[in-house]
Ligand code: NAD
Ligand code: UFG
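Written out as structure tokens, the structure reads:
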């Protein structure tokens with residue numbers, strides 16, 4: 030079975046390609062290398078023994094994208110390609126809507142034209158907004174998003190749901206990721222942030238490697254056990270495994286399902302910091318700052334649906350996530 034992976038050289042995409050190849054799937058990657066590099070293909074080959082077919086193509090280039098469909102008999106699509114920086118999306122909404130919405134529509138139109146009926150889409154816990162009680166359950170539906178990035182995820186969910194209502198042959202799985210962190214155990218692939226990291230673990234990794242002086246903790250006066258924000262961190266390899274399960278599910282079921290992918294457990298910023306200190310064997314300097322605008326106190330998933338429908342349960346704990354992140358950071362600096 031041949032899977033088209035858009036954004037396949039990116040952080041989550043590269044780990045997913047590894048898991049797909051390990052499970053006997055053929056992989057065709059489309060990526061414009063905006064936020065990744067071609068060397069990832071060699072790393073994927075080093076891990077799996079297989080080099081995926083690669084097209085350096087922008088999903089906004091519909092003609093270029095069509096070539097991928099004419100040259101390959103695609104059976105299913107996993108759609109990762111998109112921009113993901115929340116703050117940047119506030120400053121450049123049209124850029125975000127163009128890439129994340131127009132790009133996606135190009136892809137969905139070509140899927141229709143070439144009778145590709147299975148789709149797994151990268152959504153985010155951000156679509157719950159601040160409207161609901163934790164743990165977030167899929168049945169809550171879509172909340173009020175607070176930035177164009179989040180809105181682009183919500184709009185994609187709505188577009189796919191409408192497509193699926195209009196075409197009963199479609200099988201779509203919308204995966205709402207919580208907070209993916211960590212790296213492959215080989216240390217060969219992981220998250221390489223562009224510029225100053227916005228996310229917690231990439232920032233901690235840069236403090237540990239000496240690129241930044243200290244971690245800024247955005248507020249310690251939240252209504253959480255230690256006052257710092259609580260999130261559902263999930264190992265990126267667990268998340269990648271969930272995509273293989275979603276593809277297997279899509280093969281057997283029609284319609285659209287929304288499924289949370291997290292561990293169901295929340296950790297505070299302080300807890301993550303301490304787990305990372307354990308992994309790297311040194312103290313990590315930090316300062317408590319004002320709250321970051323737009324942050325919520327606590328976010329974690331209800332994971333029952335993923336267990337029931339996909340038979341998916343995350344395996345790795347926070348210690349392992351930090352150990353793998355640290356190993357990747359060390360290997361990167363060599
Ligand atoms: P990433 O930036 O590492 O990967 C995205 C890839 O898509 C990159 O390789 C980039 O070059 C490519 N890309 C972007 N625009 C493209 C275009 N127009 N044409 C072709 N390729 C394009 O990001 P990631 O962390 O791996 O995230 C993957 C997906 O998961 C994204 O859609 C993101 O919004 C979603 N997501 C990520 C997180 C997270 O915390 N990392 C959380 C929830 C959802
Ligand atoms: N944090 C710090 N210092 C930092 C970075 C983060 O204290 O330098 C704190 C935040 O305040 C928050 C926690 O660490 O309490 C996690 O923050 P991240 O930025 O790592 O993650 P978020 O939960 O804010 O956002 C992530 C993705 C979004 C996505 C959202 C919901 O980055 O794209 O999860 O899925 F929308």
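Numbering (my numbering), first residue to last: 30 to 363. Positions of the beta carbon are idealized from the N, C-alpha and C atoms, including for glycine. Computed from a prediction, not measured in an experiment: that's the story for all the values here.
Contact check for residue 149 against residue 119 fails: the beta carbons are separated by 9 Å or more.
Remark: C-beta atoms of residue 41 and residue 268 approach each other more closely than 9 Å.
Here residue 123 is exposed, its C-beta having fewer than 16 other C-beta atoms within 10 Å. For residue 275, the closest alpha carbon among the candidates 196, 157 and 108 is that of 108.
Assignment of residue 305 by DSSP, reduced to helix, strand and coil, places it in the helix class.
In terms of Cα proximity to residue 290, the closest of 311, 147 and 337 is 337. When secondary structure is reduced to three states using DSSP, residue 71 falls in the helix class.
Closest by C-alpha distance to residue 192, out of 245, 140, 334 and 90, is 140.
A Cβ-Cβ contact shorter than 9 Å links residue 76 with residue 215. Between residue 297 and residue 255 a beta carbon distance of about 5 Å is seen, short of the 8 Å cut, so the two are scored as contacting.
By the 16-neighbour rule on beta-carbons within 10 angstroms, residue 320 is exposed.
With a cut-off of 8 Å on Cβ pairs, the stretch 157-166 is in contact with the stretch 325-335, counting three or more such pairs. CA-to-CA, the gap between residue 358 and residue 252 works out to about 32 Å. As far as DSSP is concerned, residue 109 takes part in no beta bridge.
Under DSSP, residue 289 forms a beta bridge with 205.
Distance from the CA atom of residue 360 to the CA atom of residue 352, rounded to whole angstroms, is 12 Å. Minimum Cα-Cα distance from residue 169 among the listed residues 160, 177, 175 and 176 corresponds to 160. For residue 171, the CB stays at least 8 Å from every heavy atom of ligand 1. Contact holds between the stretch 151-160 and the stretch 179-194, because three or more Cβ pairs, one in each stretch, are under 8 Å apart.
Residue 147 is positioned such that its CB atom lies closer than 9 Å to that of residue 201. In the three-state scheme derived from DSSP, where H, G and I count as helix and E and B as strand, residue 144 is classed as coil.
Counted as a single uninterrupted DSSP element, the beta strand (DSSP E) harbouring residue 244 occupies residues 244-247. Counting along the chain, residue 60 sits inside no alpha helix (DSSP H); it lies in the beta strand (DSSP E) bounded by residues 55-60. Classified as buried, residue 220 has 16 or more neighbouring CB atoms from the shown chains inside 10 Å of its CB. In the displayed model, residue 85 falls within a strand according to three-state DSSP.
Under the DSSP assignment, residue 34 falls in the beta strand (DSSP E) whose first and last residues are 31-35.
Beta-bridge partners of residue 316 (DSSP): 245. Check the Cα spacing between residue 286 and each of 354, 339, 305 and 249: the tightest is with 339.
Of the heavy atoms belonging to ligand 1, none sits nearer than 8 Å to the Cβ of residue 124.
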